[in-house]
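Here is the structure we will look at, set down as structure tokens.
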Amino acid sequence: MGKLTTHVLDTARGKPGIGIRVELFRLDGEKRSLVADTKTNADGRTDAPLLEGDKFKSGTYELVFHVGAAFFDRVPVRFTIADATQHYHVPLLCSPWGYTTYRGS
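Under the working numbering, the first residue of the sequence shown is numbered 32, with each subsequent residue one higher.
This is the structure we're talking about:
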């Protein structure tokens, strides 16, 4: 079975993003449903996958990272899970003035 994981890196300090709130929403047209709400640990990762098992389904999702930085307060990342048998890893690299994300492994 597939799963969804994430992690946050503070590129300004060169350290993991500790204690960052991460919300996961499933999108169905205009409907937005909260699926997970957690925080990152000392390694900048969540303690468990955000989605896995029977809850991990194809569809459109949005991660919202509450980074609370000087310029960006929240960073939304919208993506589509096409194959629910694969591992989807969506990391966030951020600083007070910018961010980037990608599909990791």
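For glycine and all other residues, C-beta sits at the position ideal for the given N, C-alpha and C. For clarity, every value in this text was computed on a predicted model and none was experimentally measured.
Alpha carbon of residue i to alpha carbon of residue j, nearest angstrom
| i | j | result |
| --- | --- | --- |
| Gly75 | Ser89 | 26 Å |
| Gly60 | Ala100 | 30 Å |
| Leu159 | Pro107 | Because residue 159 is not part of the residues shown, which for the chain are 32 to 136, the question remains open. |
| Phe102 | Ala113 | 33 Å |
| Asp85 | Ala79 | 15 Å |
7 Å Cβ cutoff met for residue i and residue j
| i | j | result |
| --- | --- | --- |
| Ala115 | Phe87 | yes |
| Thr45 | His118 | It is Gly, not Thr, that sits at residue 45 in the sequence shown. The answer is no: Cβ separation not under 7 Å. |
Nonlocal neighbours in the same chain, by C-beta distance under 8 Å from residue i, ignoring five residues either side
| i | result |
| --- | --- |
| Val53 | Thr37, Val39, Ala67, Asp68, Thr69, Lys70, Thr71, Thr77, Leu81, Leu94, Val95, Phe96 and His97 |
| Glu83 | Met32, Gly33, Lys34 and Leu35 |
Cβ distance (whole Å) where residue i is taken to contact residue j below 8 Å
| i | j | result |
| --- | --- | --- |
| Ala73 | Ser126 | The Cβ separation is near 20 Å, so there is no contact. |
| Arg109 | Thr131 | That pair is no contact at about 15 Å. |
| Arg134 | Val121 | 6 Å |
Nonlocal neighbours in the same chain, by C-beta distance under 6 Å from residue i, ignoring five residues either side
| i | result |
| --- | --- |
| Leu124 | Leu40, Thr42 and Thr131 |
| Arg63 | Phe56 |
| Thr111 | Thr91 |
Sequence-distant residues of the same chain with beta carbon closer than 7 Å to residue i, five excluded per side
| i | result |
| --- | --- |
| Gly129 | none |
| Leu65 | Glu54 and Phe56 |
| Ile51 | Val39, Lys70, Thr71, Phe96, His97 and Val98 |
The ligand ATP heavy atom lying under 6 Å from the CB of residue i
| i | result |
| --- | --- |
| Thr91 | Ligands in the displayed structure: none, and consequently the ligand ATP is not present. |
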